[in-house]
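Enquirer:
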Amino acid sequence: MPSPFSALWRRLGRRGAALALALLAAALLFTLSRYAAVSSDLPSPSPTYGHRLPTLVDLTLVYDRDALCLDGTPPGYHFLPGFGQGSHSWILHLEGGSWCRNFKSCARRKKTNLGSSAHMDSRVEFVGILSDDESQNPDFYNWNKVRIRYCDGASFSGTVQDEVKNGTGFFFRGQRIWEAVMADLLSKGLSRAKQAFLTGCSAGGLSTYIHCDDFRALLPKTPMVKCLADGGFFLDVEDISGRRYMRAFYNDVAWLQDVRKKFPRCSSDMEPGQCFFPQEVAKSITTPMFILNPAYDVWQVEHVLSPEGSDPQNLWRNCRMDITKCSTKQLEILQGFRKALLDAINEFKNRRGWGMFIDSCFIHCQSMKAITWHSPSAARINNKTAAEAVGDWFFDRREVKEIDCEYPCNPTCYNVALDEPYKQD
Ligand SMILES: *[C@@H]1O[C@H](CO)[C@@H](O)[C@H](O)[C@H]1NC(C)=O
Ligand SMILES: *[C@@H]1O[C@H](CO)[C@@H](O)[C@H](O)[C@H]1NC(C)=O
């Protein structure tokens, strides 16, 4: 059973394949299989943009008695060494892929790459913020780069010590996975980093909020440590039927994996799932963070705002898949969703050292695809791509607090259009 994320990108991929012929000349630039059809034709990439296929990087498993994926297999990461001026700088990326909320969905997940290293690809492409191609990743291309695999189902936050049995066995050890992977990387040179950057997208974006200060604490000798959460600002809002679907979902995850222990500062009046939302987690973060998030995050529109169960008549089906198909009334609700995001991040806007890039695109995770991170087709705010904005912020070249105008005002937006909806557990 694929996760909602992998299902999303697979579906995008089918559309992408149709575009592939037309773009064959440009195909070396992007891994098309990942990209969606776009709302407008892709501009032809400049001849100097991108030179080659993405680098493939091998999986390294981490053997630690206590750090285990859902099914008991060892966790892992992919490491690409830095070079030149980037040799002493490290960028880590925490993989995303939703969460599992009960034994049934976790049992399905155990049979996938998101619950077991036995199902992970042994090599993955490094693209976007992990690319070693300067034209695609201008500021971080020569850094040491690590993509940390996600196989615990609770954003590296589960704290259950014993194996849990229900028909079959489960390990809810995300926190131990985080610790074991970090210990391994520290011994491989991370501890001597001059600059370190923790990033992640989607559920990995949430993981980044959760672990940012832990990361800072592991690197006492590193002068510059910052974090970037991409597409990870999940909102605690009512959905179109007036229910708090996402909070109920997070409550389940938090109970199942005993996530509450990870948030000792979260008020005891709150439901456990509430403590898991970025708005709560971010309150206590002291390390500089960058919030990269679209105002109309396609995953959130599908799963937070209009989950299938809250739309029995399927009135949101088309809008959920393609923002150009939303009715006037639905667009009003989407504008309300954008406002809820802006209200939620408002308290972080004036924090010293924090940055943000809130574009008005219909997309999810913009740092892990060449086309949305830094390309002629990438969304821009004030003429800067996400890669340029994040680079400017990381290196203190300027203050970056970019908030885009309302949809459909930004003609540079790269909006996805899905072929069919996909199901969530
Ligand atoms: C085991 O899982 C089933 C559903 O898969 C559930 O009904 C049952 O309550 C669970 N048992 C325990 C001990 O949690
Ligand atoms: C936008 O940025 C590009 C370089 O990325 C530059 O060539 C172009 O002149 C800029 N446009 C404006 C209006 O500033």
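Position 384 of the sequence shown, counted from 1, bears residue number 383 in numbering that gives the first Met the number 0, the numbering being contiguous throughout.
Glycine residues also receive a C-beta, built at the ideal position from the N, C-alpha and C atoms.
From a predicted model like this one, the values you see are computed outputs, not experimental measurements.
Are the beta-carbon atoms of Ile362 and Val297 separated by less than 8 Å?
Expert: A contact, by the Cβ cut-off of 8 Å.
Enquirer: Taking just the CA atoms, how far does Cys325 sit from Trp315?
Expert: C-alpha separation (whole angstroms): 8 Å.
Enquirer: Would you list the residues sitting across from Trp142 in a DSSP beta bridge?
Expert: According to DSSP, Trp142 bridges with nothing at all.
Enquirer: Does DSSP put Arg127 in a helix, in a strand, or in coil?
Expert: Reading the sequence as shown, one finds Gly at residue 127 and not Arg. It is helical.
Enquirer: Would you tell me roughly how many angstroms separate the C-alpha atoms of Tyr244 and Pro306, rounded to the nearest one?
Expert: Whole-angstrom Cα-Cα distance: 8 Å.
Enquirer: Answer with buried or exposed for Leu417, where buried requires no fewer than 16 other C-beta atoms within 10 angstroms of its C-beta.
Expert: Classification for Leu417: buried.
Enquirer: Check Phe336 in the structure and name its three-state DSSP category.
Expert: It is helical.
Enquirer: Suppose contacts are defined by Cβ-Cβ distances below 8 Å. Is Phe155 in contact with Val163 by that definition?
Expert: Cβ atoms of Phe155 and Val163: not closer than 8 Å.
Enquirer: When you compare the stretch 241-257 with the stretch 211-229, are there three or more beta-carbon pairs, one atom per stretch, that lie closer than 8 Å?
Expert: The answer is no - the stretch 211-229 does not touch the stretch 241-257, with fewer than three Cβ pairs under 8 Å.
Enquirer: Please state if the CB of Tyr149 and the CB of Gly75 are separated by a distance shorter than 8 Å.
Expert: In this structure, Tyr149 does not lie closer than 8 Å to Gly75 by Cβ.
Enquirer: For Ala179, tell me which candidate among Gln273, Arg351, Pro219 and Asp65 has the shortest Cα-Cα distance.
Expert: The candidate whose alpha carbon is nearest that of Ala179 is Asp65.
Enquirer: Among the residues of its own chain, which have a CB less than 7 Å from the CB of Ile239, if the five just before and after it don't count?
Expert: So the list reads Leu304, Ser305, Ser309, Asp310, Trp315 and Ile332, once near-sequence residues are dropped.
Enquirer: Should Asp386 and Ile290 be called a contact, given that it needs their Cβ atoms to be closer than 8 Å?
Expert: The identity of residue 386 in the sequence shown is Ala, whereas the question assumes Asp. No; because the gap between Cβ atoms is not below 8 Å, this pair is not in contact.
Enquirer: Report buried or exposed for Thr327, applying the criterion of at least 16 other Cβ atoms within 10 angstroms of its Cβ.
Expert: With fewer than 16 Cβ atoms within 10 Å of its Cβ, Thr327 is classed as exposed.
Enquirer: Determine the direct distance from the alpha carbon of Ala182 to that of Tyr249, and round the result to whole angstroms.
Expert: Approximately 28 Å between the Cα atoms of the pair.
Enquirer: Count Cβ pairs between the stretch 371-379 and the stretch 116-123 that sit closer than 8 Å; are there 3 or more?
Expert: With a cut-off of 8 Å, the stretch 116-123 and the stretch 371-379 do not count as touching, because too few Cβ pairs lie within range.
Enquirer: What residue from Tyr413, Asp151, Thr411 and Ile370 has the CA that sits closest to Ile128's CA?
Expert: With distances taken between Cα atoms, Ile128 lies closest to Ile370.
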